[in-house]
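Step one of this worksheet: look at the structure below.
Chains as they are written, first to last, in the numbering used here: chain A, 78 to 325; chain B, 78 to 325.
Below is the structure:
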């Protein structure tokens, strides 16, 4: 992890010896008194902190010495036909690390019903994957994650969130870069589960004013397609121009 | 796999029962006599073939019933500071599936020397990863893969291959989309190993006329950054406009 996230902001805090954060600072960062570390407050500021003391028991006392804005989320949301848990784990991590604003999953006609029963979703594991992705990115903002029972409910929940485009390897009005107007300021990109959209789902998209687009002639895995779609959308809309370079 | 690749073209062939291809056709595709399958010839045509016979022993006789051009490689090459083998495996697969033209690895100053000793490189495992990526993509073209001893050798080998841009989270002339001229027709994108470039490597890039660019404020894993960089480059250069839709 590139940054240690805390749920609540503080100016100084003592992390109990047994906490993951204290262990990370002692064992991975091998911090001494005076070592500076990057921390962040969930959905808030990024901060530099200094190790003020290390108790014999292993408690770590941190003091914030400076704060700065964390990278803002991209105005891009993903709508995803529920994939197999292994794929969903990667998607959650990668989308969070790219700064996607929201991830909306739904049980598509070609999803396996068992996917929704995975412990990924019934435990906190999905949250953990998102958090790890945010920590990778050096950010603090967590994407919203939502689960919908069907495509129409998901589309209704996303109404007004941006230009709506569904990726489709078989039927499309053109390449993503052609279908996505350069003037758009936000986008929602839909990806099917690994076996793609059912004809009925294409109808739902079209009835709701979505456009179908492709990513080129190469057929990508869902997780690769998601990263490629976010990057292509960000490039097309001229997002990602800012970069905060920060040093400890 | 979406397509079964063969090293040499044929019009008809009998696949021995014990071959991976025969097993895949029998067990995964559960083919019967008359079943159509997608096949491809490495760096050549894609084809539809029909199962003409299945012997009791398990041999599979295929006959080509139609051929078509496979998706062309993208005019994008990657130059990559040798990453840990786990990351390299994903990179090989993903880059091959996206249709990257070439992958040039080199031991960067911040690569671990042990990475080059991995069985990934000393056995055929790296080739297998590339092939799986190509099969995923429904393509036949295999990217060139090269290993260089240092950055200058790699840069020299890539001379003339396109606009040269090195991704850098710390020092950059701007976003990839700003640094990359829209009029370029091909590009080489360099990515550091997980700990980034050494100052000396930045000097080598600059002396050789490379520009440094960033992918935005979010810090991505190498494998995610590679996919994002290829997608953003393809979007910026207006590649990926063609899509061959094909049905069995």
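Note that CB positions come from ideal geometry on N, CA and C, so glycine has one too.
Next on the checklist: What are the residues in the region 288-300 of chain B lying within 7 Å of chain C by C-beta distance?
Outcome noted: This model lacks chain C altogether, as its protein chains are A and B.
Item to check | 8 Å Cβ shell around residue 251 of chain B - same chain, five flanking residues per side excluded | outcome: 290, 291
Checklist entry - Does any CB atom of chain B fall closer than 9 Å to the CB of residue 149 of chain A? => result yes
Checklist entry - Using a beta-carbon distance cut-off of less than 8 Å, what residues from the region 160-193 of chain B approach chain A? => result 171, 174, 175, 176
Next on the checklist: Less than 7 Å between C-beta atoms, sequence neighbours within five positions excluded: which residues of the same chain meet that for residue 196 of chain B?
Outcome noted: 202
Checklist entry - If you measure from the beta carbon of residue 117 of chain B to each beta carbon in chain A, is any gap under 9 Å? => result no
Checklist entry - Comparing the C-beta of residue 253 of chain A with each C-beta of chain B, is any distance below 9 Å? => result yes
Item to check | Contact list for the region 203-214 of chain B against chain A, Cβ threshold 8 Å | outcome: 213, 214
Next on the checklist: Determine, for residue 122 of chain A, whether the minimum Cβ-Cβ distance to residues of chain B falls below 9 Å.
Outcome noted: no
Checklist entry - At a Cβ threshold of 9 Å, is residue 320 of chain A touching chain B? => result yes
Item to check | Secondary structure of residue 90 of chain A, DSSP reduced to three states | outcome: strand
Checklist entry - By the 10 Å Cβ neighbour count, where 16 or more other Cβ atoms means buried, how is residue 325 of chain A classified, buried or exposed? => result exposed
Item to check | residue 177 of chain A versus residue 171 of chain A: straight-line alpha-carbon distance, rounded | outcome: 9 Å
Checklist entry - What residues of chain A sit near residue 216 of chain B, judged by a beta carbon separation below 9 Å? => result 294, 295, 296
Checklist entry - In this structure, does DSSP put residue 80 of chain B in helix, strand or coil? => result coil
Next on the checklist: Taking 9 Å as the threshold (beta carbon to beta carbon), is residue 263 of chain B in contact with chain A?
Outcome noted: no
Checklist entry - Within 9 Å (strictly less), CB to CB, does residue 222 of chain A reach chain B? => result no
Item to check | Whole-angstrom C-beta distance between residue 129 of chain B and residue 71 of chain B, which should lie under 8 Å | outcome: Residue 71 of chain B lies beyond the stretch modelled for chain B, which goes from 78 to 325, so this question has no answer here.
Next on the checklist: Across the region 225-235 of chain B and the region 85-96 of chain B, are there enough close Cβ pairs to call them in contact, namely three or more that are closer than 8 Å?
Outcome noted: no
Next on the checklist: Spatial neighbours of residue 221 of chain A within its chain, please: C-beta separation below 6 Å, excluding the five flanking residues on both sides.
Outcome noted: 179
Item to check | Counterpart residues of residue 264 of chain B in DSSP-defined beta bridges | outcome: B:153, B:240
Item to check | 8 Å Cβ cut-off: residues of chain B touching residue 304 of chain A | outcome: 301, 304, 305, 308
Next on the checklist: Please list, in chain order, the chain B residues whose beta carbon lies closer than 7 Å to that of residue 270 of chain A.
Outcome noted: Here the premise fails: no neighbours, minimum Cβ distance about 15 Å.
Checklist entry - Does any C-beta atom of chain A lie closer than 9 Å to the C-beta of residue 63 of chain B? => result Outside the displayed range of chain B (78 to 325) lies residue 63 of chain B, so it cannot be described from this structure.
Item to check | Three-state class that DSSP yields for residue 219 of chain B in the structure shown | outcome: coil
Next on the checklist: So if I threshold CB-CB distances at 9 Å, which residues from the region 235-250 of chain A count as touching chain B?
Outcome noted: 246, 247, 248, 249
Checklist entry - Run through DSSP, which three-state label would residue 144 of chain A get? => result strand
Next on the checklist: Counting only C-beta atoms, is residue 277 of chain A closer than 9 Å to chain B at any point?
Outcome noted: no
Item to check | Member of B:212, B:244, B:214, B:210 whose CA lies at the smallest distance from the CA of residue 155 of chain B | outcome: B:244
Checklist entry - Excluding the five sequence neighbours on either side, which residues of its own chain have a C-beta within less than 6 Å of the C-beta of residue 174 of chain A, listed in chain order? => result 210, 213, 214
Checklist entry - Taking the continuous alpha helix (DSSP H) assigned at residue 210 of chain B, which residues delimit it? => result 202-214
Item to check | Simplified DSSP state of residue 275 of chain B, which is helix, strand or coil | outcome: coil
Checklist entry - Under the DSSP definition of a beta bridge, which residues are partnered with residue 187 of chain B? => result Paired residues: none, contrary to the question.
Checklist entry - From this set, A:270, A:133, A:285, A:83, which residue's C-alpha is nearest residue 164 of chain A's C-alpha? => result A:270
Checklist entry - In chain B, which residues lie less than 7 Å from residue 312 of chain A when you measure between Cβ atoms? => result 254, 309, 312, 313
Checklist entry - Does DSSP put residue 117 of chain B in a helix, a strand or coil? => result strand
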